[in-house]
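**Q** In full-length UniProt numbering, the protein residues as written are 1 to 451. All residues carry an ideal CB built from backbone N, CA and C; glycine is no exception. Small disclaimer: the values here were computed from a predicted structure and weren't measured. Questions regarding the structure given below will be posed in turn.
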């Protein structure tokens with residue numbers, strides 16, 4: 001549902017070193033897709049380790065609305081009895097995605113080539129985010145769209161009787177756009193092709209292959225990924241074990257690096273090569289990070305990540321690395337605040353259209369807490385080691401990653417850091433405060449109660 005709870009200000013303070021071994025919730029990207037592909041398969045898909053956040057549960061609600069039966073066991077295992085590709089039902093009511101940008105965009109792709117109508121709504125943050133990047137290729141496939149100016153929520157779509165296959169060159173690095181077009185291509189006869197000049201996370205391609213779709217990935221002469229999908233396959237149900245979300249693991253990892261004396265291991269983290277840009281960057285900054293117990297699970301690389309307090313130095317992050325760490329830039333900026341020298345982050349256009357204008361939100365949060373920074377149209381430079389850090393209140397703009405990042409800042413600052421709303425954290429990481437408390441962190445609501 002949409003985020004309608006009262007704001008819950010929270011404050012983080014420096015205290016003892018962080019110590020322990022934890023597991024973060026299941027990967028959000030894999031969780032969304034597991035529910036969607038399970039709904040499109042014929043038979044029962046089981047999912048263990050599903051991220052039970054507001055975003056993912058909204059996707060589960062959407063799949064139920066179009067005919068899938070989804071049940072949760074007492075042990076937390078989800079059983080999905082799929083409606084089947086081409087057999088989705090028209091939802092009886094509007095579908096509310098709350099804050100779930102991945103959920104709504106990928107669902108538009110699925111429903112956009114089925115001959116049914118659906119209306120999508122979201123919270124204030126999601127209603128500001130651009131949907132045209134997904135709707136434009138869907139229109140080329142025959143989808144009808146009724147939307148307010150700027151192709152923003154609320155909006156309605158109706159799929160054609162027979163969708164047109166498409167060859168589409170993704171104009172910006174976006175796994176959501178790529179995935180939406182591929183999911184639309186599932187119910188289009190013939191072959192749908194997506195050309196991706198800059199590689200992004202490839203969970204959709206891997207999971208489609210796992211569910212039995214006829215999909216191939218090659219490189220063209222310019223080095224772009226060319227993804228070809230044959231439409232109207234019969235998807236086969238799967239058993240899925242969702243690994244830990246690297247975007248969630250980023251918060252305890254960075255906290256361990258910047259809080260003196262800390263030693264934290266995050267177990268069972270997804271190490272997909274398109275999701276490890278933050279780890280590569282932190283290592284370049286001098287972070288003491290080890291990958292332990294590396295293994296393969298469900299076609300994905302996973303492992304345990306050990307992080308210890310480190311003396312970090314500023315670096316320039318290659319712009320081409322942005323797609324592999326786009327959600328981690330806010331917490332990277334926090335790490336940069338404690339590094340010696342400047343950390344320069346170019347290629348951040350996509351941060352302007354996330355749950356908030358994340359680039360502006362990060363810059364204002366740093367400034368409020370005494371960290372010098374320079375914000376450009378698509379770049380950010382953070383100067384670390386310059387003065388007393390902390391003492392400010394950060395506007396989260398309904399953005400869970402802004403809230404969590406600045407609470408991490410407060411754990412190492414000389415003065416406490418307050419975020420204006422910690423309730424939004426439930427969007428992606430509902431166990432954030434309890435896991436951090438187990439490591440010894442001092443995070444509390446502003447009235448002084450332990451979060």
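Look at the alpha carbon of residue 353 and the alpha carbon of residue 398, and state the distance between them as a whole number of angstroms.
**A** So the two alpha carbons sit approximately 13 Å from each other.
**Q** Note down, one range per segment and in chain order, each alpha helix (DSSP H) of at least 4 residues found wholly within the stretch 105-178.
**A** If we require 4 residues or more, the alpha helix (DSSP H) runs fully inside the stretch 105-178 come out as 132-140.
**Q** Comparing alpha-carbon positions, which option in 206, 318, 248 lies nearest residue 214?
**A** The residue with the shortest Cα to Cα distance from residue 214 is 206.
**Q** For residue 12, I'd like the list of residues in its chain whose CB is within less than 6 Å of its CB, leaving aside the five on either flank, ordered along the chain.
**A** The answer, listed in chain order, is 407, 410, 411, 417, 443.
**Q** Going by CA-CA distance only, name the one from 30, 170, 116, 422 that's closest to residue 160.
**A** The option with the nearest alpha carbon to residue 160 is 116.
**Q** Using a Cβ-Cβ cutoff of less than 7 Å, which residues in the same chain neighbour residue 324 once the five nearest sequence positions on both sides are dropped?
**A** The residues are 274, 275, 276, 277.
**Q** List in chain order: all unbroken alpha helix (DSSP H) runs of 4+ residues lying wholly within the stretch 221-272.
**A** Runs of the alpha helix (DSSP H) inside the stretch 221-272: 246-258.
**Q** Rounded to the nearest angstrom, what separates residue 202 and residue 208 at their Cα positions?
**A** Using only the alpha carbons, I get a separation of about 10 Å.
**Q** Of all the options 52, 359, 310, which has the alpha carbon lying nearest to the alpha carbon of residue 454?
**A** A query on residue 454 cannot be resolved here, the shown segment of the chain reaching from 1 to 451 and no further.
**Q** Do residue 10 and residue 445 come within 7 Å of each other at the CB atom, strictly closer than that value?
**A** Cβ atoms of residue 445 and residue 10: closer than 7 Å.
**Q** For the stretch 307-392, which segments carrying the alpha helix (DSSP H) assignment without a break, of at least 4 residues, lie completely within its bounds, in sequence order?
**A** Entirely contained in the stretch 307-392, the alpha helix (DSSP H) runs reaching 4 residues are, in chain order, 329-337, 358-368.
**Q** By Cβ distance below 6 Å, which residues in the same chain neighbour residue 455 in space, the five residues on each side in sequence not counted?
**A** What is shown of the chain runs 1 to 451, which leaves residue 455 out entirely.
**Q** Mapping the DSSP letters down to three states, classify residue 300 as helix, strand or coil.
**A** If DSSP states are grouped into helix, strand and coil, residue 300 belongs with the strands.
**Q** For residue 83, collect the residues of the same chain with a Cβ closer than 7 Å to its Cβ; drop the 5 residues on either side in sequence, then sort them by chain order.
**A** Around residue 83: 39, 66, 67, 68, 89.
**Q** Give the straight-line distance between the Cα atoms of residue 256 and residue 433, rounded to the nearest whole angstrom.
**A** Those two C-alpha atoms are separated by around 15 Å.
**Q** Between the alpha carbons of residue 319 and residue 93, how many angstroms are there, rounded?
**A** Distance between the alpha carbons of residue 319 and residue 93 is about 42 Å.
**Q** Identify the residues that DSSP records as bridge partners of residue 53: which are they?
**A** Its beta-bridge partners do not exist; DSSP assigns none.
**Q** With distances taken Cα to Cα, identify the nearest neighbour of residue 73 among 91, 95, 50.
**A** Answer by Cα proximity: 50.
**Q** Compute the Euclidean distance between the alpha carbons of residue 168 and residue 187, then round it to the nearest angstrom.
**A** Their backbone Cα atoms lie some 16 Å apart in a straight line.
**Q** Would you check if there are 3 or more beta carbon pairs closer than 8 Å linking the stretch 137-149 to the stretch 370-389?
**A** With the cut-off at 8 Å, the stretch 137-149 and the stretch 370-389 do not touch.
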